[in-house]
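For reference, the structure discussed in these notes is given below.
Protein chains: 2
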Amino acid sequence: MRRRVDKFEDRRRELADAALLALADLGYARTSLRTIAEHTKFSHGLLHYYFADKVELITYCVRRYKEACVQRYEGGVGAADTPSALAAACADGLAAALEEAPLMHRLWYDLRTQSMFEEAFRADVAEIDEGLQEMIWRNVSAYAELAGAEPNCSPSEAYALFDGLFQQALLRHLSETPEALDDFRRGVRELFPRLVSRASAG
Amino acid sequence: MRRRVDKFEDRRRELADAALLALADLGYARTSLRTIAEHTKFSHGLLHYYFADKVELITYCVRRYKEACVQRYEGGVGAADTPSALAAACADGLAAALEEAPLMHRLWYDLRTQSMFEEAFRADVAEIDEGLQEMIWRNVSAYAELAGAEPNCSPSEAYALFDGLFQQALLRHLSETPEALDDFRRGVRELFPRLVSRASAG
DNA sequence: CCGCCGTTTGGACGAATGTCAAGATTTTCT
DNA sequence: AGAAAATCTTGACATTCGTCCAAACGGCGG
Chain A
0 MRRRVDKFED RRRELADAAL LALADLGYAR TSLRTIAEHT KFSHGLLHYY FADKVELITY
60 CVRRYKEACV QRYEGGVGAA DTPSALAAAC ADGLAAALEE APLMHRLWYD LRTQSMFEEA
120 FRADVAEIDE GLQEMIWRNV SAYAELAGAE PNCSPSEAYA LFDGLFQQAL LRHLSETPEA
180 LDDFRRGVRE LFPRLVSRAS AG
Chain B
0 MRRRVDKFED RRRELADAAL LALADLGYAR TSLRTIAEHT KFSHGLLHYY FADKVELITY
60 CVRRYKEACV QRYEGGVGAA DTPSALAAAC ADGLAAALEE APLMHRLWYD LRTQSMFEEA
120 FRADVAEIDE GLQEMIWRNV SAYAELAGAE PNCSPSEAYA LFDGLFQQAL LRHLSETPEA
180 LDDFRRGVRE LFPRLVSRAS AG
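If you read the protein sequences in the order shown, they are chains A and B.
Mapped onto numbering that gives the first Met the number 0, the consecutive letters of the first sequence carry residue numbers 0 to 201.
Mapped onto numbering that gives the first Met the number 0, the consecutive letters of the second sequence carry residue numbers 0 to 201.
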């Protein structure tokens with residue numbers, strides 16, 4: 000038998016997922032509680048039964064987004080045996096993620112930008128950023144090892160550079176620039192060797 | 000004597016500048032026409048005398064922001080005579096821009112993100128992005144020349160990487176991370192050599 | 001002084017927003 | 001089955017939003 004609190008949490012998740020779809024469609028600035036409710040089979044009043052206010056709802060959404068995110072990027076490093084194969088696999092993986100769910104990534108950048116204005120989002124956004132940074136660093140480290148070299152940058156530096164490529168690719172992809180994804184893949188592949196240097200003492 | 004249209008344009012500029020301050024304070028999502036009017040000595044109704052609607056006002060603001068932006072970054076490349084001096088000068092310049100007006104740069108990222116949702120902003124944002132990309136490319140090219148090398152990446156790639164560093168630095172700076180600016184300067188200095196390789200044929 | 005015209009005000013409008021509470025409905029427990 | 005607790009709907013509230021407009025202001029030529 001299901002526990003009460005579990006059911007409550009389940010419904011919260013369900014509502015948050017619907018909210019994420021609405022947010023991905025419209026962006027933070029244009030998404031109201033009523034539009035969120037229209038993405039569910041419930042009425043708008045229910046949202047205040049499960050969430051204290053809008054900020055708590057959005058915050059919960061961000062956390063939920065994070066779970067999906069880290070889960071998605073969990074595997075992926077393992078299967079390459081040469082540096083360039085790893086770089087290519089990473090490039091393909093990131094490009095696929097971008098192509099598969101561009102609106103979700105757009106939402107991510109929207110929320111991250113909002114966190115620069117709304118203190119309330121900052122902690123959760125920072126946590127997600129950390130997760131992404133670790134994901135990138137795993138790839139860079141693995142690349143360096145396969146190449147018999149060492150990373151010559153910090154994890155946050157590496158993440159910032161990858162993220163710059165990703166964000167630009169998203170922007171161009173949404174503007175229907177056809178080369179956006181190919182350029183991105185190439186950019187990622189070429190970025191790896193820039194971030195390592197031959198190990199000083201082998 | 001002043002032309003009529005000049006006076007009209009002047010007031011538009013004045014209102015747009017006030018709007019930019021309001022936008023920098025609150026962000027796109029939270030800035031209403033009435034809050035903008037509060038940043039001026041006029042009443043809210045006036046805004047519709049000088050701008051057809053909110054979108055036209057914001058668009059005009061973005062354009063105005065761009066003018067200030069490109070004007071700011073116009074000079075700066077000239078004065079270095081070694082590669083590392085140029086990299087350091089560029090790093091200091093970018094870091095100073097970030098430190099001087101973090102809220103304006105925050106606004107820029109906000110508007111650029113909005114342009115992923117609002118078609119209306121896309122063209123102007125893209126134009127600004129181009130200007131910034133050219134600014135970065137001038138630096139990379141100059142660095143390569145001083146180093147007797149050649150850039151091994153495209154202009155847009157270079158811009159994406161620098162922009163990634165900048166955006167992360169801004170985020171950390173606004174979260175009052177003390178090392179944000181120093182890390183950024185170092186990141187920029189180290190980025191230059193990553194983007195060039197020895198010229199194949201001297 | 002009048003009347004013109006560009007400018008500015010302040011209030012009004014309907015629509016949309018976040019929030020709330022009272023009641024209807026469904027589920028759960030005894 | 002019936003009571004109690006939960007879930008959900010509905011309508012209302014005070015605000016705020018973008019937009020519009022009638023009226024007032026102000027300088028200037030007649």
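Glycine included, C-beta positions come from ideal geometry on N, C-alpha and C.
For clarity, every value in this text was computed on a predicted model and none was experimentally measured.
{"Check": "Just tell me which of A/Tyr-64, A/Glu-99, A/Val-187 has its CA closest to the CA of B/Ser-153.", "Outcome": "A/Val-187"}
{"Check": "By how many angstroms is the C-alpha of A/Leu-45 removed from the C-alpha of A/Thr-30?", "Outcome": "16 Å"}
{"Check": "Among B/Gly-77, B/Glu-98, B/His-47, B/Thr-112, which one has its Cα closest to the Cα of B/Val-139?", "Outcome": "B/Gly-77"}
{"Check": "Check the Cβ of A/Met-103 against every Cβ in chain B and list those closer than 8 Å, keeping chain order.", "Outcome": "In chain order: nothing, as chain B lies at least about 12 Å away."}
{"Check": "At a CB distance below 9 Å, what residues from the region 104 to 122 of chain A approach chain B? Give them in sequence order.", "Outcome": "Arg-105, Tyr-108, Asp-109, Arg-111, Thr-112, Gln-113, Ser-114, Met-115, Phe-116, Glu-117, Arg-121"}
{"Check": "For A/Glu-133, would you say it is in contact with chain B, using Cβ-to-Cβ distances shorter than 7 Å as the test?", "Outcome": "no"}
{"Check": "Go through its chain and collect everything with a Cβ distance to A/Leu-14's Cβ below 7 Å, but skip five positions before and after it.", "Outcome": "Thr-39, Leu-46, Tyr-49"}
{"Check": "Using three-state DSSP, classify B/Val-195 as helix, strand or coil.", "Outcome": "strand"}
{"Check": "In the region 137 to 184 of chain A, which residue ranges form an unbroken alpha helix (DSSP H) of at least 4 residues, counting only runs that do not cross its ends?", "Outcome": "154 to 173"}
{"Check": "Does the beta-carbon of B/Lys-65 have 16 or more other beta-carbons within 10 angstroms, so that it is buried, or is it exposed?", "Outcome": "buried"}
{"Check": "Report the rounded CA-to-CA distance for B/Arg-145 versus B/Leu-93, giving the unit in angstroms.", "Outcome": "The sequence given here has Leu at residue 145 of chain B, not Arg. Roughly 20 Å between the two C-alpha positions."}
{"Check": "Is A/Val-54 near A/Ala-122, with beta carbons less than 7 Å apart?", "Outcome": "no"}
{"Check": "What's the C-alpha gap between A/Leu-131 and A/Ala-79?", "Outcome": "20 Å"}
{"Check": "Following the continuous alpha helix (DSSP H) through A/Gly-92, name the residue where it begins and the one where it ends.", "Outcome": "82 to 99"}
{"Check": "Can you give the beta carbon distance from A/Ala-23 to A/Arg-105, rounded, assuming they're within the 8 Å contact cut?", "Outcome": "7 Å"}
{"Check": "Mapping DSSP to helix, strand and coil, what is A/Thr-39?", "Outcome": "coil"}
{"Check": "With DSSP as the reference, label B/Tyr-64 as helix, strand or coil.", "Outcome": "helix"}
{"Check": "Exposed or buried, which one is B/Glu-156 when buried takes at least 16 other CB atoms within 10 Å?", "Outcome": "buried"}
{"Check": "Would you identify the three-state DSSP class for A/Asp-128, choosing helix, strand or coil?", "Outcome": "helix"}
{"Check": "Alpha carbon to alpha carbon, how far is B/Asp-109 from B/Phe-116? Give it in angstroms, no decimals.", "Outcome": "11 Å"}
{"Check": "Determine, using beta carbons only, whether A/Ser-196 and A/Ala-159 come nearer to each other than 7 Å.", "Outcome": "no"}
{"Check": "Check whether the Cβ of B/Ala-28 lies closer than 7 Å to any Cβ atom in chain A.", "Outcome": "yes"}
{"Check": "Where do the N-terminal and C-terminal ends of the alpha helix (DSSP H) with A/Tyr-27 fall, by residue?", "Outcome": "From DSSP, A/Tyr-27 is part of no alpha helix (DSSP H); its letter is neither H nor E."}
{"Check": "Please state whether the Cβ-Cβ distance between B/Tyr-59 and B/Gln-113 is less than 7 Å.", "Outcome": "no"}
{"Check": "Say yes only if the C-beta of A/Arg-121 is nearer than 6 Å to one or more non-hydrogen atoms of the ligand NAP, and no if none qualify.", "Outcome": "As far as ligands go, the structure on display features none, and thus does not contain the ligand NAP."}
{"Check": "Determine the extent of the alpha helix (DSSP H) in which A/Tyr-49 is found, giving its start and end residues.", "Outcome": "46 to 49"}
{"Check": "What residues of chain B sit near A/Asp-162, judged by a beta carbon separation below 8 Å?", "Outcome": "Gly-163, Gln-166, Gln-167"}
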